[in-house]
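The structure appears below as structure tokens.
See below:
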């Protein structure tokens, strides 16, 4: 049995490969935090998106980029703070992601009739924003 995507391949007897690299190869080749033993998530993200092993500078840039985008809008913070304490975490996550649509660059441009050739740029920006905000949502 095998699963094939552009970014990863799962072969029943050989394990998963990310852009052609095995997990042990990723552990060896991807940048790590100073003193760390495992690759930084930013490095694996870079590999999956670009197909290339990132440099430490590229991983640092991505980490800073996500940090700049991480702040949650006040309405999302208020919503999360007001959920009942027994609400399932996946329900909270789902609601927060839905509420973040109000900040979507793509949704705003789509409503104004943006050209299809520009979709990818806005989807990229929204994806970067969402990835950056998810740890803040989970921390609430």
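Numbering (the UniProt record's numbering), first residue to last: 1 to 140. Built from N, CA and C at the ideal position, the CB exists for glycine as well.
According to DSSP, residues forming a beta bridge with residue i
| i | result |
| --- | --- |
| residue 17 | 9, 22 |
| residue 146 | Since the first residue of the chain shown is 1 and the last is 140, residue 146 is not available in this structure. |
Integer Cβ distance of residue i from residue j, believed to fall under 8 Å
| i | j | result |
| --- | --- | --- |
| residue 47 | residue 30 | 7 Å |
| residue 126 | residue 106 | 5 Å |
| residue 56 | residue 128 | Not a contact, Cβ separation roughly 20 Å. |
Which of helix, strand or coil DSSP assigns to residue i
| i | result |
| --- | --- |
| residue 54 | coil |
| residue 83 | coil |
| residue 89 | helix |
| residue 63 | helix |
| residue 122 | helix |
| residue 114 | coil |
| residue 133 | helix |
| residue 44 | helix |
| residue 100 | helix |
| residue 138 | helix |
| residue 77 | helix |
| residue 109 | helix |
| residue 71 | coil |
Fill in: Stretch pair the stretch 71-80 + the stretch 122-140: three plus CB contacts closer than 8 Å
yes
Worksheet item: Counting Cβ pairs, one atom from each stretch, are 3 or more of them under 8 Å apart for the stretch 59-68 and the stretch 31-44?
Response: Yes: at least three Cβ pairs fall under 8 Å.
Worksheet entry | Segment contact flag, the stretch 98-109 with the stretch 73-86, C-beta cutoff 8 Å, min 3 pairs | yes
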